Amino acid sequence: MNNLIAGSPNVVLVGSDDGFNAALKKATDDKSPSIFYFTAAWCGPCRMISPIIEEMSRKFPHVTTYKFDIDQV
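What follows is the structure, encoded as structure tokens:
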């Protein structure tokens, strides 16, 4: 599950159902602020918002963003 995205130390790429469950458990157990970002490579609006999500992750390093490609999970 710990596939970090280059340039964004608090964005974790999740690529499986087990990874989703682990991310949800970690966010719940740690009571840490988290964003669950669901996206798809073919989705135009998703591609438009992706740079904003990554920018916000750098602006708020205490928030972990879990990024899911819906075609891979």
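For the sequence shown, position 65 (counting from the first letter as 1) is numbered 65 according to full-length UniProt numbering, and the numbering increases by one without interruption.
Ideal placement from N, C-alpha and C gives every residue a C-beta, glycine not left out.
Because the structure is a prediction, the values reported are computed rather than measured.
For residue j and residue i, the rounded distance between their alpha carbons
i: N21; j: I49; result: 24 Å
i: I70; j: N10; result: 20 Å
i: G19; j: I52; result: 23 Å
Beta-bridge pairing of residue i - partner residues as DSSP gives them
i: T64; result: S34
i: residue 85; result: Lying before the first or after the last residue shown, residue 85 is absent from the chain, which here runs from 1 to 73.
Cβ shell of residue i (< 7 Å), same chain only, five flanking positions each side left out
i: A40; result: C46, D69, I70, D71
i: F60; result: none
Proximal residues to residue i (C-beta, below 6 Å), its chain only, five neighbours per side dropped
i: P33; result: V63
i: C43; result: none
i: Y66; result: V12, V14, A23, F36
Spatial neighbours of residue i in its chain, beta-carbon cut-off 8 Å, leaving aside the 5 residues before and after
i: D17; result: V73
| query | At a cut of 8 Å, does the stretch 15–34 reach the stretch 50–59 through at least three beta carbon pairs? | reply | The stretch 15–34 is not in contact with the stretch 50–59.
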